[in-house]
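Visitor:
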Amino acid sequence: MKVTLSVIKADIGSVGGHIRPSQALVNRVEEYVRDNHKELLFDFRVSFTGDDIAILMTHKLGVLNEEVHKLAWDALIAGTKLAREQGLYGAGQDLLKDSFSGNVKGMGPAVAEMEFEERPNEPFIFFAADKTDPGAYNLPLYLGFTDPMYCAGLLLSPKMSKGFKFTIMDVAYTEGDKIIELNAPENAYDIAALLRDNERYVVETIHSRDTGEIAASVSTTRLHNIAGKYTGKDDPVMLVRVQGAFPATGEILSAYSVAPYVAGFMRGSHIGPLMPVKRNSPISYFDGPPIVSATAYCVHEGKLTEPVDAFDHPFWDYIRNIASQKALDIRAQGFSGAAMLPYSELEYGGIVEKLTALDKKFKVRGK
Ligand code: F6R
Ligand code: MG
Ligand code: MG
């Protein structure tokens with residue numbers, strides 16, 4: 134049977150700064166979906182990563198379905214009401230539009246969806262990252278789907294020998310979806326040339342070239358582009374199908390051992406290591422570091438199994454320590470050079486205003 138996985142997530146308020154939602158808020162969103170989905174959904178799960186609440190849903194209505202998106206939007210609105218009552222910080226922060234029209238794309242929440250014919254056993258991983266943007270997944274996806282150093286299946290499995298098709302979006306273009314399709318392995322250098330720029334080019338989907346099936350789907354929202362100003366980092370979600378014709382769970386996870394430096398961290402304006410964390414982890418040091426959680430499920434006839442926390446393992450404690458050291462290393466140089474994002478990516482207006490004012494005071498000697 135055909136099934137659609139939809140994950141919609143937003144920051145609608147948190148306790149003690151941009152740290153984590155209150156338990157009551159998570160419960161409220163969950164209750165709302167439970168009480169109002171009627172027969173719309175096969176199943177759903179509500180979780181949080183840092184200050185973001187994610188609603189993972191299974192249904193048969195395809196991607197960008199109005200009813201499914203409206204349900205999630207209304208659940209986030211209901212949550213926002215409670216967040217306001219509780220006085221949570223940043224209540225309703227990511228809900229940037231007043232009225233719902235069609236689907237939540239372009240309204241603030243991040244969305245990742247995929248529709249496929251369910252395999253007899255259908256494992257997938259749901260990733261949620263906080264204090265970073267969608268480009269944070271570029272390197273792990275590149276390594277997981279094109280590099281046999283990380284994905285042994287590219288060498289060992291005949292089902293993967295044709296490689297994968299990457300659909301990459303230019304997120305600086307705001308008039309519509311500007312995309313390019315490139316095939317790995319032949320176009321691997323072109324893919325790398327684009328994906329090196331995490332703030333401009335972002336993987337949107339990956340498909341198997343063997344079966345044509347969808348393997349990965351990433352939320353590509355840039356809140357910055359919707360609101361025209363800083364409203365929080367984009368904190369991306371992602372769905373990745375695993376095993377069989379797709380990389381194994383461990384091959385997809387392996388690239389997170391790099392804990393790559395990504396954009397985000399304090400005020401969405403710094404560089405920090407992407408730390409793989411357990412589900413439902415809060416934010417801490419320097420409003421970070423940027424974090425990513427990975428929850429593994431199987432979906433069967435639309436029903437989700439219990440969640441299994443893919444980063445809850447002693448191995449990842451070791452990587453978390455390495456990521457902490459990397460965070461300290463780059464933080465030691467404060468605002469200087471690579472530690473803070475370039476001018477174009479600084480999300481707070483303050484420094485831009487300072488530099489504009491200072492620019493007027495510059496004089497060309499001798500003129
Ligand atoms: C980054 C983030 C935080 C805030 C910072 C200041 O995505 O959410 O680092 O930018 O805590 O927050 P405000 O401006 O709300 O006081
Ligand atoms: Mg926030
Ligand atoms: Mg967030």
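In my numbering, the protein residues as written are 134 to 500.
Glycine residues also receive a C-beta, built at the ideal position from the N, C-alpha and C atoms.
Would you give the residue range spanned by the alpha helix (DSSP H) that G277 belongs to?
Guide: 271 to 279
Visitor: Report the CB separation of A396 from G268 in whole angstroms; it is logged as a contact under 8 Å.
Guide: 7 Å
Visitor: Between which residues of its own chain and I313 is the CB-CB distance below 7 Å, once the five residues before and five after are set aside?
Guide: I301
Visitor: Roughly how far, in whole angstroms, is the beta-carbon of D368 from the beta-carbon of T265, given that I think they are within contact range, below 8 Å?
Guide: 7 Å
Visitor: Within the 8 Å Cβ cut-off, does D280 reach chain C?
Guide: This model lacks chain C altogether; it includes just one protein chain.
Visitor: Assuming K493 is part of the alpha helix (DSSP H), what are its boundary residues?
Guide: Per DSSP, K493 belongs to the alpha helix (DSSP H) from 482 to 494.
Visitor: Can you check DSSP and say which residues form a bridge with V196?
Guide: None, per the DSSP bridge assignment.
Visitor: Compute the distance between the beta-carbons of S139 and E251, then report whether it is under 8 Å.
Guide: Taking 8 Å as the Cβ cut-off, S139 and E251 do not qualify as a contacting pair.
Visitor: Near A261, which residues of its chain fall below 6 Å by C-beta distance, leaving aside the five closest residues on each side in sequence?
Guide: T182, A187, V370, S426
Visitor: From L287 to V391, what distance separates their C-alpha atoms?
Guide: Here the alpha carbons of V391 and L287 stand approximately 19 Å from one another.
Visitor: Candidates Y283, L479, M282, G435: which alpha carbon is nearest D176's?
Guide: For the residues Y283, L479, M282, G435, the minimum Cα distance to D176 belongs to G435.
Visitor: From this set, A460, L221, D227, D280, which residue's C-alpha is nearest G405's C-alpha?
Guide: A460
Visitor: Verify whether the separation of the beta carbon atoms of P422 and F448 is less than 8 Å.
Guide: no
Visitor: Going by the beta-carbon positions, is the gap between A321 and F297 smaller than 8 Å?
Guide: Result no, Cβ atoms of A321 and F297 do not sit closer than 8 Å.
Visitor: For the beta strand (DSSP E) holding V162, just list the boundary residues, first then last.
Guide: From DSSP, V162 is part of no beta strand (DSSP E) but of the alpha helix (DSSP H) over 156 to 169.
Visitor: Among the candidates D207, R464, F257, whose CA atom is the shortest distance from the CA of A443?
Guide: F257
Visitor: Name the residue from L479, Q466, M408 whose alpha carbon lies nearest to the alpha carbon of D445.
Guide: M408
Visitor: When you compare the CB positions of T137 and V432, do they come within less than 8 Å of one another, or not?
Guide: Their beta carbons are not under 8 Å apart, which means T137 does not touch V432 by this criterion.
Visitor: With a 10 Å radius around its C-beta and 16 neighbouring C-beta atoms as the bar for buried, classify E337 as buried or exposed.
Guide: buried
Visitor: Between the alpha carbons of P242 and D227, how many angstroms are there, rounded?
Guide: 6 Å
Visitor: Which residues in the same chain have their Cβ closer than 7 Å to the Cβ of A381, if we skip the five residues on either side of it in sequence?
Guide: Closer than 7 Å at the Cβ level, and outside the excluded window around A381, lie G286, V375.
Visitor: Are the CB atoms of T353 and I324 within a distance shorter than 8 Å?
Guide: no
Visitor: How should E200 be labelled, buried or exposed, when 16 other C-beta atoms within 10 angstroms of its C-beta is the threshold for buried?
Guide: exposed
Visitor: Could you please give the first and the last residue of the uninterrupted beta strand (DSSP E) stretch that includes R453?
Guide: No beta strand (DSSP E) contains R453, which is instead part of the alpha helix (DSSP H) from 447 to 464.
Visitor: With 16 as the cutoff for other CB atoms within 10 Å, does N254 come out buried or exposed?
Guide: exposed
Visitor: May I ask you to report which of helix, strand or coil DSSP gives A471?
Guide: helix
Visitor: Bridge partners of E250, per DSSP?
Guide: Answer is K135.
Visitor: Is H151 a contact residue of ligand 1, with contact defined as CB to any heavy atom under 7 Å?
Guide: Relative to ligand 1, the beta carbon of H151 is positioned inside 7 Å of a heavy atom.
Visitor: List the whole-angstrom C-beta distance separating I416 from R153, where the pair is believed to meet the contact cut-off of C-beta under 8 Å.
Guide: 7 Å
Visitor: Report all residues from its chain with a CB closer than 8 Å to the CB of L173; omit the five preceding and five following residues, and keep chain order.
Guide: H192, L194, E200, V201, L204
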